[in-house]
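Undergrad:
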Amino acid sequence: MSDLTKEMDLAIAPESEHELDLARMRHSCAHVMAQAVLELFPGAKLGIGPAIADGFYYDFDLPRPLTPEDLERIERRMEEIKAAAYPFVRRVVTREEAYELFRDQPYKLELLAEFPPDEVITTYTHDGFTDLCRGPHVGDTSQIGFFKLLRVSGAYWRGDERRPQLQRIYGTSWPTREQLEAYLHRLEEAERRDHRRLGRELELFHFDPTAPGMPYWLPKGLKILNLLLDFWRQEHEKRGYQEIAAPLINDKSLWEISGHWDHYRENMFVIQLDEHLTYGVKPMNCPNAMIVYNLKKRSYRDLPLRLSDCDILHRYERSGTLHGLLRVRKFQQDDAHIFVTEDQIEEEFARILEIAQLFYGIFGLRYTLRLGTRPADFMGDLETWDKAEAALQRILDRHAGPGNYLIGAGEGAFYGPKIDILMEDALGRQWQTGTIQLDFQLPRRFGCTYTDRDGTEKTPVVIHRVIYGSLERFIGILIEHFAGAFPVWLAPVQATIIPIADRHLPYAYRVRDRLRDAGLRVEVDDGDERMQAKIRRAQLQKIPYMLVVGDREVNEESLAVRLRTNENIGSMSIDRFITMVQRLAAEKSLELVTEI
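Reading the sequence shown from the start, the letters are residues 139 to 734 in the numbering used here.
(1) Are Val-686 and Val-649 close, meaning C-beta to C-beta below 8 Å?
(2) Quick one: what does DSSP say Pro-637 is sitting in, helix, strand or coil?
(3) Counting beta carbon pairs with one atom in the segment 258-277 and one in the segment 212-228, are three or more of them shorter than 8 Å?
(4) Looking at the unbroken beta strand (DSSP E) that takes in Tyr-417, where does it start and where does it end?
(5) Where does the unbroken beta strand (DSSP E) through Asn-388 begin, and where does it stop?
(6) Report the rounded CA-to-CA distance for Glu-705 versus Gly-193, giving the unit in angstroms.
(7) Take Asp-707 and list the residues in its own chain whose beta-carbon comes closer than 8 Å to its own, dropping the five residues that flank it on each side.
(8) Pop quiz: Ser-696 and Ser-711 are said to be a contact at Cβ under 8 Å. What is the actual Cβ separation, rounded to whole angstroms?
(9) Should the segment 226-235 be regarded as contacting the segment 252-264, the criterion being three or more beta carbon pairs within less than 8 Å?
(10) Apart from the five residues just before and just after Ala-526, which ones in its own chain have a Cβ nearer than 7 Å to its Cβ?
(11) Could you check which residue in Trp-393, Val-599, His-619, Arg-377 has the C-alpha nearest to that of Arg-324?
(12) Following the continuous alpha helix (DSSP H) through Gln-281, name the residue where it begins and the one where it ends.
(13) Look up Trp-627 in the DSSP assignment and say whether it is helix, strand or coil.
(14) Secondary structure at Asn-693, three-state DSSP: helix, strand or coil?
(15) Quick check: what's the CA-CA separation for Met-146 versus Glu-234?
(16) Looking at C-alpha atoms only, which residue of Arg-659, Ala-168, Ile-500 is the closest neighbour of Glu-725?
(17) Can you check DSSP and say which residues form a bridge with Gln-305?
(18) Which same chain residues end up closer than 6 Å to Ala-656 when comparing Cβ atoms and leaving out the 5 residues on each side of it in sequence?
(19) Determine, using beta carbons only, whether Val-466 and Pro-353 come nearer to each other than 8 Å.
(20) Buried or exposed for Glu-610, going by 16 or more other Cβ atoms inside 10 Å?
(21) Take Gly-337 and list the residues in its own chain whose beta-carbon comes closer than 6 Å to its own, dropping the five residues that flank it on each side.
(22) Can you tell me which residues form a DSSP beta bridge with Ala-474?
(23) Along the chain, where does the alpha helix (DSSP H) that runs through Lys-361 open and close?
(24) Can you find the residues in the same chain that come closer than 6 Å, C-beta to C-beta, to Met-139, ignoring five residues on each side of it along the sequence?
(25) Going by C-alpha distance, which of Ser-446, Asn-405, Ile-362 is nearest Lys-376?
(26) With a Cβ-Cβ cutoff of 8 Å, do Ala-168 and Gly-181 count as a contact?
(27) Using 10 angstroms around the beta-carbon of Val-719, count the other beta-carbons present and answer buried if the total reaches 16, otherwise exposed.
(28) Would you be able to state if there are at least three C-beta pairs under 8 Å between the segment 282-301 and the segment 443-458?
(29) Arg-591: buried (16+ other C-beta within 10 angstroms of its C-beta) or exposed?
(30) Once DSSP output is grouped into helix, strand and coil, what is the label at Leu-148?
(31) For the alpha helix (DSSP H) containing Leu-325, list its first residue and its last residue.
(32) May I ask which residues mark the beginning and end of the beta strand (DSSP E) holding Met-710?
(33) Could you say if the segment 509-520 and the segment 540-550 meet the contact criterion of at least three C-beta pairs nearer than 8 Å?
(34) Can you check whether the CB of Pro-442 is closer than 8 Å to the CB of Phe-497?
(35) Do Arg-444 and Tyr-588 have their C-beta atoms closer together than 8 Å?
(36) Check each candidate in Ile-617, Asp-663, Leu-464, Leu-178 and name the one with the smallest Cα separation from Glu-341.
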């Protein structure tokens, strides 16, 4: 099958008959939408319109930008087409017939021109509307489900920034009205939790046009990032990891040795200083770990050698793929490169999976494991790859049980197979975060060796692993998972002190200093607003505790404690409050109150 045919095929890979039925229904709905758009905008040029996870889209070249009112008109026309129950009719056509059918559709003609000579060309027609399509489709338009058009966005033709920008209409379709309404409710909840909006409102991070995809961490956001790294460092030092740091740019010769220059250069920022000197901004830490390993002679007694780092990385993601913190160009990883002997691989993977279980469990996150196997653009020999994949399969069978993990065929790194961690958030969405990769290739290319028990020189195996993954992505996911209401240990501000009147300010400042001395992160709201307005502001900032102080609290050396959930838990001594928060933070608890 040609790449172009794959591109025109469904954008999802159904794994069950149910998923295939949904994909067929949604793809058919996209065709009905294309018919409605052509009728309402006769000069429209058609791109492609696949089914995707939870819906479908179609790309159009239109004479003007679409408005919400346009989407309503398109929807109404789609309902009329659906009600008429027009059959979808498949037809095999010759190349000449196809060129004639789509003579006024330049994007379709471009697709046709790239079909191989032996490609079977098919069209689907309903109610006089014909599209170039492989299918499959439902029987007739009455079977396209209960649908809703969601939004319009820009999309470069074929994903190429040098090509025309089209208008992409996204929609969703479900077998029943109840399923559609449940999905729309999930979308509303996702909007409420959107990390980009919450990031602005909570003053966590900023994106500037001068540095697309490269977040500015504001004080509160950087506090969260550093708290995550503090926890990471504590737990990894317990387990024998040694942290290193390395340069952010290296001469291209390093990336040539590692293979990144041949396999990854299009995703790198490259600095051409002159005709003889070219640097690459590092997109990953692996080659620098090899340099550190080679600084001295190693023995089997040194292995496993666990080198960790959290350096800043840069990758050239296309502008159309950037999405808040979830897809960025500048990021940090909780990275590690572990040099092991072959007989240490399985035990070391078990140790890493134990760390993953600890880290994800603390946030109440479920996850699934996925084995990524040899990609088409792989480096090395087949025998080594087969051995590495077999080792990972044994590890997953033992850890998760046979059949209890996913297989990502061809999704391994170019230097080795991997286990990906697919994390599920509060809305049931999956995100790839951590990854554990087995690599026989880079240590060979860098000449890494160790002296074995028998005195012979051998090449170590390297395990590349991240648990959080990109800290930026992980924080973006956490913002949406918790809807900005972080657990006490991770909240950038744990409590705000609210004086009822100006005469209570001196006491509020004394309480703040005492709490800060105890290690708590506290602010005083000393603005001119009334108490209820200050409480509301603290709730909007998702601060776990509001400590109201008035005459009674001053006299009793106490605090009136309210939660961000609007629950009033009453009076509490300062010492008792300190003890409660310290315990919750130490336990990494998701609760706001505990027994003292």
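For each residue, glycine too, the CB sits at the ideal point set by N, CA and C.
TA: Per the coordinate set shown:
(1) No, they are not a contact pair.
(2) In this structure, Pro-637 counts as strand in the three-state DSSP scheme.
(3) Three or more Cβ pairs drawn from the segment 212-228 and the segment 258-277 lie within less than 8 Å of each other, which places the two stretches in contact.
(4) Segment 416-419, the beta strand (DSSP E) holding Tyr-417.
(5) Note, Asn-388: beta strand (DSSP E), 387-389.
(6) Approximately 40 Å, taken between the alpha carbons.
(7) The sequence given here has Ile at residue 707, not Asp. When the five nearest sequence neighbours on each side are left out, the beta carbons in the same chain lying within less than 8 Å of the beta carbon of Ile-707 are those of Val-699, Arg-700, Leu-701, Val-731, in order along the chain.
(8) Indeed they touch by this definition, with Cβ atoms about 6 Å apart.
(9) Contact between the segment 226-235 and the segment 252-264 is present: three or more C-beta pairs spanning the two stretches fall below 8 Å.
(10) Annotation for Ala-526: Gly-554, Pro-555, Leu-576, Phe-578 place their beta carbon closer than 7 Å to its own, counting only its chain and skipping 5 residues before and after.
(11) Out of Trp-393, Val-599, His-619, Arg-377, the CA that lies nearest to the CA of Arg-324 is found in His-619.
(12) Neither: Gln-281 is in no alpha helix (DSSP H) and is coded neither H nor E.
(13) Residue state, collapsed to three classes: coil.
(14) Secondary structure at Asn-693: helix, using DSSP grouped into helix, strand and coil.
(15) Unreliable placement is indicated for Met-146, whose pLDDT of 35 sits below 50; the coordinate value is still reported in the next sentence. So the alpha carbons of these two residues sit roughly 19 Å apart.
(16) Comparing C-alpha distances from Glu-725 to each of Arg-659, Ala-168, Ile-500 shows the shortest one belongs to Ile-500.
(17) Answer is Phe-198, Gly-292, bridged to Gln-305.
(18) By the criterion of a C-beta distance shorter than 6 Å, Ala-656 is surrounded in its chain by Ile-716, once the five residues flanking it on both sides are discounted.
(19) Yes, the pair counts as a contact, with Cβ atoms nearer than the cut-off.
(20) Burial state of Glu-610 is buried, judged by a 10 Å Cβ sphere holding 16 or more other Cβ atoms.
(21) The residues Phe-343, in chain order, have a CB closer than 6 Å to that of Gly-337 in the same chain once the five nearest residues on each side in sequence are set aside.
(22) DSSP, once it has assigned bridges, lists Ser-446, Arg-603 as partnering Ala-474.
(23) It spans 357-376 - the alpha helix (DSSP H) in which Lys-361 sits, taken as one unbroken run.
(24) Unreliable positioning characterises Met-139 in this predicted model, as indicated by a pLDDT of 32, which lies under 50. A coordinate reading is not provided.
(25) It is Ser-446.
(26) Taking 8 Å as the cut-off, the Cβ atoms of Ala-168 and Gly-181 do not count as close.
(27) Residue burial annotation: Val-719 is buried, with at least 16 other C-beta atoms found within 10 angstroms of its C-beta.
(28) Touching, yes, given that three or more Cβ pairs across the two stretches are closer than 8 Å.
(29) Counting the other Cβ atoms within 10 Å of the Cβ of Arg-591 gives fewer than 16, which makes it exposed.
(30) Note on Leu-148: pLDDT 38, under 50, position unreliable in the model; the coordinate value appears next. Residue state, collapsed to three classes: coil.
(31) For Leu-325, the uninterrupted alpha helix (DSSP H) segment begins and ends at 315-331.
(32) It spans 706-711 - the beta strand (DSSP E) in which Met-710 sits, taken as one unbroken run.
(33) The segment 509-520 makes contact with the segment 540-550: 3 or more CB pairs, one atom from each, lie closer than 8 Å.
(34) Cβ atoms of Phe-497 and Pro-442: not closer than 8 Å.
(35) Cβ distance not < 8 Å, so Arg-444 and Tyr-588 don't count as in contact.
(36) Of the candidates Ile-617, Asp-663, Leu-464, Leu-178, the one whose C-alpha sits nearest the C-alpha of Glu-341 is Ile-617.
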